[in-house]
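Taking it in order: structure first as structure tokens, then the write-up.
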Amino acid sequence: MIAVGTKMPAWVETGFGEYQRRFPKDMALELIEIPAGKRGKNADIKRILHTEGEKTLAAIPKGNRIVTLEVTGKPLDTHQLAKNMEKWQLDGRDVSLLIGGPEGLAPECIAASEQKWSLSNLTLPHPLVRIIVAESLYRGWSLNNNHPYHRE
535 MIAVGTKMPA
545 WVETGFGEYQ
555 RRFPKDMALE
565 LIEIPAGKRG
575 KNADIKRILH
585 TEGEKTLAAI
595 PKGNRIVTLE
605 VTGKPLDTHQ
615 LAKNMEKWQL
625 DGRDVSLLIG
635 GPEGLAPECI
645 AASEQKWSLS
655 NLTLPHPLVR
665 IIVAESLYRG
675 WSLNNNHPYH
685 RE
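Going from the sequence shown to the working numbering is simple: count from 1 and add 534.
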């Protein structure tokens, strides 16, 4: 997971960490934080997004599948996510999940993505998205591995 924003509130770090530690070593969930550009009253948002986008793309290891989290992406229920996760594993590449900052992702990141995933039609606060994605991935993993976390 590559996310714009550093110095998250303790509740974000605790929530994300709770799910991150549950993953097995062969499917580790790593977090790379990209510093958000300084936003002030007269901030050049287009320039800030471009800079965040460059840093985000530079953080992606070569050959990774890029999945962007965006409102306009495809919504997935838990079973669809679990099936996607199986496909990702069979593909043999690591996956970089990109989460933008307050204004979302840079156009360069969206253009580079192979898949666009929407968590909701709502605009969610980007710190909360980290936790939702981590929990959703863990739930998908548990479904694929017959782990009791996901019960139907």
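In this text, a Cβ means the ideal position worked out from N, Cα and C, and glycines have one as well.
Between which two residues does the alpha helix (DSSP H) containing residue i stretch?
i	result
TRP595	A small fix is needed here, since residue 595 is Pro in this sequence, not Trp. No alpha helix (DSSP H) contains PRO595, which DSSP labels as neither H nor E.
GLU604	Taken as a continuous stretch (DSSP letters only), GLU604 belongs to no alpha helix (DSSP H), being part of the beta strand (DSSP E) at 599 to 609.
ALA577	Neither: ALA577 is in no alpha helix (DSSP H) and is coded neither H nor E.
Check whether the Cβ of residue i lies closer than 8 Å to any heavy atom of the ligand NAP, and answer yes or no.
i	result
GLU669	Among the ligands in the structure shown, none appear at all, so the ligand NAP cannot be discussed.
Could you spell out where the beta strand (DSSP E) holding residue i opens and where it closes?
i	result
LEU656	Segment: none, LEU656 is in no beta strand (DSSP E) and carries neither H nor E.
ALA537	536 to 538
Is it true that the CB of residue j sits closer than 9 Å to the CB of residue i?
i	j	result
MET561	TRP675	yes
ARG556	TYR683	yes
ALA668	ILE600	no
PRO609	ASN678	no
LEU639	THR602	yes
CYS714	GLY607	There is no way to answer for residue 714, as the model of the chain reaches only from 535 to 686.
ARG673	LEU565	no
ILE536	THR590	yes
GLU637	ILE582	yes
SER670	LEU632	no
LEU658	VAL546	no
Can you tell me which of the three DSSP states residue i falls into?
i	result
ALA640	coil
GLU567	strand
LYS650	strand
ALA562	coil
GLY635	strand
Worksheet item: Any contact of the stretch 563 to 575 with the stretch 536 to 545, i.e. 3+ C-beta pairs under 8 Å?
Response: yes
Fill in: Touching by the beta-carbon criterion (3+ pairs, under 8 Å), the stretch 610 to 627 and the stretch 571 to 587
no
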